[in-house]
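Here's the structure we're looking at; comments come further down.
Number of protein chains: 2
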Amino acid sequence: MSQEASAGNQPPTIYDVARAAGVSIASVSRVLNDQGNPRADTRQRVLAAVAELGFVPDGAARALSARLKEVVGVIVRRPQWLDGSLFTDEDENLQFPDMINRGMEIVAQRHGFDLLIRSVDLDEANAGSRIFALARKSDGIILHDRVLDPDQLDRLARQLPVVTLAGLPTATTANVHGDNDSGMRAVARHLIHDHGYRTLAYLAGHEGSPDSITRGRALADEARSAGVTLQAGDAWQGGYQAAGGAAAIERLIAAGTRLPRAIVCANDQSAIGVLHALAQHGISVPGDVAVTGFDDMPVARHLRPQLTSVRQSIQDLGATAFETLYSMICGDGSGVRGQDIALPTQLVRRRSCGCDPQLLVPRNAQEAG
Amino acid sequence: MSQEASAGNQPPTIYDVARAAGVSIASVSRVLNDQGNPRADTRQRVLAAVAELGFVPDGAARALSARLKEVVGVIVRRPQWLDGSLFTDEDENLQFPDMINRGMEIVAQRHGFDLLIRSVDLDEANAGSRIFALARKSDGIILHDRVLDPDQLDRLARQLPVVTLAGLPTATTANVHGDNDSGMRAVARHLIHDHGYRTLAYLAGHEGSPDSITRGRALADEARSAGVTLQAGDAWQGGYQAAGGAAAIERLIAAGTRLPRAIVCANDQSAIGVLHALAQHGISVPGDVAVTGFDDMPVARHLRPQLTSVRQSIQDLGATAFETLYSMICGDGSGVRGQDIALPTQLVRRRSCGCDPQLLVPRNAQEAG
DNA sequence: CCGTTCGAAGTAAGCGCTTACCCGAGGTGG
DNA sequence: CCACCTCGGGTAAGCGCTTACTTCGAACGG
Numbered sequence: 001m002s003q004e005a006s007a008g009n010q011p012p013t014i015y016d017v018a019r020a021a022g023v024s025i026a027s028v029s030r031v032l033n034d035q036g037n038p039r040a041d042t043r044q045r046v047l048a049a050v051a052e053l054g055f056v057p058d059g060a061a062r063a064l065s066a067r068l069k070e071v072v073g074v075i076v077r078r079p080q081w082l083d084g085s086l087f088t089d090e091d092e093n094l095q096f097p098d099m100i101n102r103g104m105e106i107v108a109q110r111h112g113f114d115l116l117i118r119s120v121d122l123d124e125a126n127a128g129s130r131i132f133a134l135a136r137k138s139d140g141i142i143l144h145d146r147v148l149d150p151d152q153l154d155r156l157a158r159q160l161p162v163v164t165l166a167g168l169p170t171a172t173t174a175n176v177h178g179d180n181d182s183g184m185r186a187v188a189r190h191l192i193h194d195h196g197y198r199t200l201a202y203l204a205g206h207e208g209s210p211d212s213i214t215r216g217r218a219l220a221d222e223a224r225s226a227g228v229t230l231q232a233g234d235a236w237q238g239g240y241q242a243a244g245g246a247a248a249i250e251r252l253i254a255a256g257t258r259l260p261r262a263i264v265c266a267n268d269q270s271a272i273g274v275l276h277a278l279a280q281h282g283i284s285v286p287g288d289v290a291v292t293g294f295d296d297m298p299v300a301r302h303l304r305p306q307l308t309s310v311r312q313s314i315q316d317l318g319a320t321a322f323e324t325l326y327s328m329i330c331g332d333g334s335g336v337r338g339q340d341i342a343l344p345t346q347l348v349r350r351r352s353c354g355c356d357p358q359l360l361v362p363r364n365a366q367e368a369g
Numbered sequence: 370m371s372q373e374a375s376a377g378n379q380p381p382t383i384y385d386v387a388r389a390a391g392v393s394i395a396s397v398s399r400v401l402n403d404q405g406n407p408r409a410d411t412r413q414r415v416l417a418a419v420a421e422l423g424f425v426p427d428g429a430a431r432a433l434s435a436r437l438k439e440v441v442g443v444i445v446r447r448p449q450w451l452d453g454s455l456f457t458d459e460d461e462n463l464q465f466p467d468m469i470n471r472g473m474e475i476v477a478q479r480h481g482f483d484l485l486i487r488s489v490d491l492d493e494a495n496a497g498s499r500i501f502a503l504a505r506k507s508d509g510i511i512l513h514d515r516v517l518d519p520d521q522l523d524r525l526a527r528q529l530p531v532v533t534l535a536g537l538p539t540a541t542t543a544n545v546h547g548d549n550d551s552g553m554r555a556v557a558r559h560l561i562h563d564h565g566y567r568t569l570a571y572l573a574g575h576e577g578s579p580d581s582i583t584r585g586r587a588l589a590d591e592a593r594s595a596g597v598t599l600q601a602g603d604a605w606q607g608g609y610q611a612a613g614g615a616a617a618i619e620r621l622i623a624a625g626t627r628l629p630r631a632i633v634c635a636n637d638q639s640a641i642g643v644l645h646a647l648a649q650h651g652i653s654v655p656g657d658v659a660v661t662g663f664d665d666m667p668v669a670r671h672l673r674p675q676l677t678s679v680r681q682s683i684q685d686l687g688a689t690a691f692e693t694l695y696s697m698i699c700g701d702g703s704g705v706r707g708q709d710i711a712l713p714t715q716l717v718r719r720r721s722c723g724c725d726p727q728l729l730v731p732r733n734a735q736e737a738g
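Chains A and B supply the protein sequences, listed in that same order.
Numbering of the first sequence is given in our numbering, commencing with residue 1 and proceeding in unit increments.
Numbering of the second sequence is given in our numbering, commencing with residue 370 and proceeding in unit increments.
See the structure below:
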C-alpha cells in the first residue's frame with residue numbers, strides 16, 4: 001500500500017517485489033511460476049510482498065521471455081454495407097461471429113488466454129498484411145469465414161498455428177464447422193416429406209463460402225432424389241444478410257417470377273429479410289410460402305412467424321476452435337493439423353415451415369435444446 | 370521467400386532484416402518507425418529486405434521496449450444465468466456490449482490498437498484480480514457496466530488509464546453513457562401526453578446500474594409532474610434480461626395485480642420478455658398494455674409489435690469510449706479525466722407504444738435514423 | 001573430521017525490439 | 001588548410017521477465 005500513494009504510478013516490477021521480500025528476482029519468478037521448490041519461508045516472504053505491492057507481471061515482458069503471449073488473434077470479417085436498404089443498420093450481422101467469439105473466450109479463460117479481436121474488410125487492399133500484423137501480437141490465429149486466400153493462409157500457417165471457422169482445412173491448418181450436410185438434409189426431408197412441398201428454392205450465402213456451398217449441395221441432392229424442383233443460382237443470392245434476402249425477393253417479385261412453395265435460406269439473417277419482403281407484399285408465411293433459416297440465432301424465435309432453422313451450438317463452434325488451436329500452441333497439435341471438424345446440428349421446427357408449434361414437443365424442451 | 374521454406378519456421382526478426390539489407394538493426398528500426406532521415410538507398414535496401422522476408426515486428430518485444438502495447442483491455446460482464454426459464458439461452462444479452470465493442474474496435478484500428486476482450490462473472494470471487502491481470506496486458510482499460518467497486522477502480526486507475534461505460538466517473542477515470550435522462554423523458558412525455566396513458570410502470574434493470582437508476586428517476590419525475598401513477602420497486606425488476614422481464618410479468622399476473630396501461634422497460638432485452646409474457650396471457654400490445662424499450666437494438670424492429678424504444682448510437686458509445694481512453698494513453702488526457710460524457714438519444718416510435726407506424730415519418734427515413 | 005552430495009537461491013544471459021549516445025565522413029567558414 | 005559543425009548510421013544499453021548455470025551452505029558417509 002506504500003508506493004502507490006500518488007496518481008500516475010508505474011505498476012511495481014519484479015525488482016520491487018524482490019527488494020521488498022529480500023530475495024532475488026529469480027526467486028520471485030520461481031515462486032510465481034511454481035518452479036523448483038522454494039523454502040517455505042522464502043515462499044511466504046515473496047507471496048507477502050506480492051500481495052503488499054499488488055504485483056502482477058507485465059504481459060509483454062513475460063511474453064518476450066517465455067515465448068508465449070497467452071493471446072490468440074481472432075479475425076472477423078466485417079460485412080460490406082449495402083446502401084440505401086431498409087437494413088442499413090446491419091450491426092446484427094455480427095451477432096453470429098460475436099457468439100462464436102464468446103464461446104472461444106470462455107474456454108480461453110480456462111487456459112489463461114485472451115482474445116485479440118480484429119475485423120477486416122474483405123475488399124480492403126491490405127487485409128492480408130493486417131492479419132499478419134495481428135499474428136505478431138498472438139500465439140495463434142483463428143480466422144472466421146474465409147478471410148485469406150489459400151496462398152496467404154499457407155504462409156501464415158507456416159509462422160504460427162491457425163484454425164479456420166467455416167473454411168477449408170489445409171495440410172497445416174484445422175477447420176471447424178457445423179455439420180451443414182446433415183443439417184440441411186434434415187430441413188430438406190422435412191419440407192419435402194413431412195410437408196409435401198414440391199417446389200423449393202435455395203437462397204445462397206456469400207459466394208465462395210464453403211458453408212453455403214455445402215448447404216446448397218445437400219439441399220440439391222435431397223431435392224433431386226425426391227424429384228422436386230429446386231430454384232437456385234444468380235437470382236437467389238442473399239449474401240447471408242437480411243438486406244440481401246429482402247432484395248432478392250423484391251427482384252423476383254418485380255420480375256414476375258412465380259415463387260416456390262418453400263424458400264430455404266442459407267442463414268437466419270437472410271431469412272429475416274425474406275420474411276420481411278414477403279410480408280410487405282402480403283404473402284403469407286407459411287401459408288403461401290414456407291421459409292427456413294440456418295444457425296438458429298436467438299432472434300429466430302422472436303420473429304413472426306417463428307423461424308424454423310437448424311441449430312448449431314454456436315458457442316461450441318468457438319470453444320472447439322479454441323481448443324483445437326490451443327492444442328497446436330501448447331501440445332504438439334500434430335493430431336489436429338489438417339483436420340476438418342464437424343459439430344452436430346439439429347433441425348428446430350417452428351411455425352415458418354408450416355409446423356404448428358403446439359403439436360410439437362413441449363416448448364420448454366424444445367427451446368432449451 | 371528463401372528461409373520460409375520449411376514448415377514451423379520462426380518468423381524473421383529484425384536481425385534477419387538487418388543482415389539481408391547489410392545495415393544495423395538500428396537502421397532497420399529507424400526506417401520502420403520514420404525516425405531520423407535515412408539516406409534514400411539505405412531506406413530502399415531496408416524496405417526491400419522487409420518485403421522479401423515478410424518481416425513484421427514482434428508485438429511483445431515492441432511493447433516492452435516502446436512501453437506501448439497498442440492494446441486496450443475490455444472487460445464485459447457476463448450475465449448470470451437464470452435457470453429453468455424460457456430464455457435460458459440468453460446469448461443475445463451480450464449483443465449490446467458486443468455492438469459497443471465493435472464501435473471501439475473500428476476506431477481502435479485507426480490508431481493501430483487492438484482490443485483484448487475478457488468477460489467476468491460479477492459473483493466471481495477474484496473478478497478484481499482478473500481485471501488487474503488484464504491490465505498488465507494492455508495500455509488502458511475499458512470497463513463495461515460497473516464491474517469494479519470504487520476502491521478497486523481507484524487502485525486500477527492509478528496504474529493505467531481507465532474509462533467506464535454506463536458507470537460513474539471518478540477523479541481519475543472518465544465515463545461514457547447515453548443521455549438517459551432526456552431519452553427517458555421523451556418516452557414519458559410521449560406516453561403521457563401523446564397517448565394519454567395515466568398509469569405507468571418502470572421495469573428496472575439490474576440493481577445499482579447507474580443507467581437504470583437515471584432512467585427510472587427521469588420517468589418518475591415526468592410522471593410526478595404530470596400527475597400520473599407510476600408503479601415501480603421490488604415487483605418490477607427485470608435485470609435487463611428477457612427472462613427477468615417475463616418473470617416479473619408472470620409474478621404480477623399470478624398475484625392478480627392489475628397491470629398499468631403502459632410498461633416502460635429499462636432496456637429492449639427485458640421488453641422482449643415482457644412482450645412474450647403478455648402474449649402468453651392473451652394481453653394485447655399495445656391495445657391493452659403499451660410497452661417500450663430502451664437502446665433500440667436491431668431486434669426491436671423485428672418484434673411483433675415492433676418495439677418503441679430509445680435509440681442510442683451504440684457504436685458511438687464504444688467509439689467515444691475508445692477515443693477518450695486513447696487521449697489518456699497518448700495525449701496527456703488531463704482534459705478528460707473525471708468527465709462524464711453523455712451521448713444523444715432519440716425516441717423511436719413504433720407500434721408497441723400505440724403509434725401507427727403508417728402515420729409516422731416514412732419508414733426508410735425512420736429506420737435509417 | 002573432511003570430502004562429497006544435494007538442493008535452495010543468486011547471477012547473468014538472453015527474448016526482439018527502441019533509442020540515447022557516439023563515431024566518422026563530408027561540408028563549411030575563418 | 002584546419003577547426004568545427006552536421007548528420008547518417010553503428011554500438012550498446014536497456015525494457016521486465018524466464019531460466020540455465022553457478023554458488024554456497026548444510027547434511028551426510030567414510
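We put the beta carbon where it would ideally sit given N, CA and C, even for glycine.
Please tell me whether residue i has its Cβ less than 9 Å away from any Cβ of chain B.
i, result
"residue 35(A)", "no"
"residue 60(A)", "yes"
"residue 9(A)", "yes"
"residue 82(A)", "Its pLDDT being 49, under 50, residue 82(A) is placed unreliably by the model, and the measurement read from it follows with that caveat. So no, residue 82(A) is outside the interface."
"residue 312(A)", "no"
If you follow the alpha helix (DSSP H) that residue i is in, where does it begin and where does it stop?
i, result
"residue 65(A)", "59-66"
"residue 385(B)", "383-390"
"residue 658(B)", "Note, residue 658(B): premise wrong, no alpha helix (DSSP H); not H, not E."
"residue 528(B)", "519-528"
"residue 42(A)", "40-53"
"residue 132(A)", "127-135"
"residue 250(A)", "242-254"
Taking C-beta to C-beta, are residue i and residue j nearer than 9 Å?
i, j, result
"residue 672(B)", "residue 641(B)", "yes"
"residue 586(B)", "residue 550(B)", "yes"
"residue 380(B)", "residue 136(A)", "yes"
"residue 208(A)", "residue 146(A)", "yes"
"residue 170(A)", "residue 150(A)", "yes"
"residue 566(B)", "residue 631(B)", "yes"
"residue 141(A)", "residue 75(A)", "yes"
"residue 596(B)", "residue 503(B)", "no"
"residue 610(B)", "residue 448(B)", "yes"
"residue 717(B)", "residue 665(B)", "yes"
"residue 174(A)", "residue 328(A)", "yes"
Return the first residue and the last residue of the beta strand (DSSP E) that residue i is part of.
i, result
"residue 309(A)", "309-312"
"residue 509(B)", "509-513"
"residue 24(A)", "Run containing residue 24(A): none; DSSP gives neither H nor E here."
"residue 715(B)", "714-717"
"residue 600(B)", "598-600"
Based on the DSSP secondary-structure assignment, which residues constitute the bridge partners of residue i?
i, result
"residue 571(B)", "633(B)"
"residue 175(A)", "164(A), 340(A)"
"residue 483(B)", "440(B)"
With 9 Å set as the bound, which would you pick, yes or no: does the beta-carbon of residue i sit closer than that to a beta-carbon of chain A?
i, result
"residue 423(B)", "yes"
"residue 478(B)", "yes"
"residue 730(B)", "Confidence at residue 730(B) is low in this model, with a pLDDT of 49, below 50, so the placement of that residue is unreliable and no value is reported for it."
"residue 371(B)", "Unreliable placement is indicated for residue 371(B), whose pLDDT of 38 sits below 50; no coordinate value is reported for it."
"residue 440(B)", "yes"
"residue 734(B)", "Its pLDDT being 41, under 50, residue 734(B) is placed unreliably by the model, and the measurement read from it follows with that caveat. For residue 734(B), the answer is no, since every Cβ of chain A falls outside 9 Å of its Cβ."
"residue 645(B)", "yes"
"residue 501(B)", "yes"
Cβ contact check for the segment 328-343 of chain A and the segment 286-294 of chain A: 3 or more pairs under 8 Å = The segment 328-343 of chain A makes no contact with the segment 286-294 of chain A: fewer than 3 CB pairs, one atom from each, lie closer than 8 Å.
ask   = Three or more beta-carbon pairs under 8 Å between the segment 684-691 of chain B and the segment 471-488 of chain B, yes or no?
value = Because the criterion of three Cβ pairs below 8 Å is met, the segment 684-691 of chain B and the segment 471-488 of chain B touch.
message = Within 8 Å, do at least three Cβ pairs link the segment 186-205 of chain A to the segment 230-246 of chain A?
response = With the cut-off at 8 Å, the segment 230-246 of chain A and the segment 186-205 of chain A touch.
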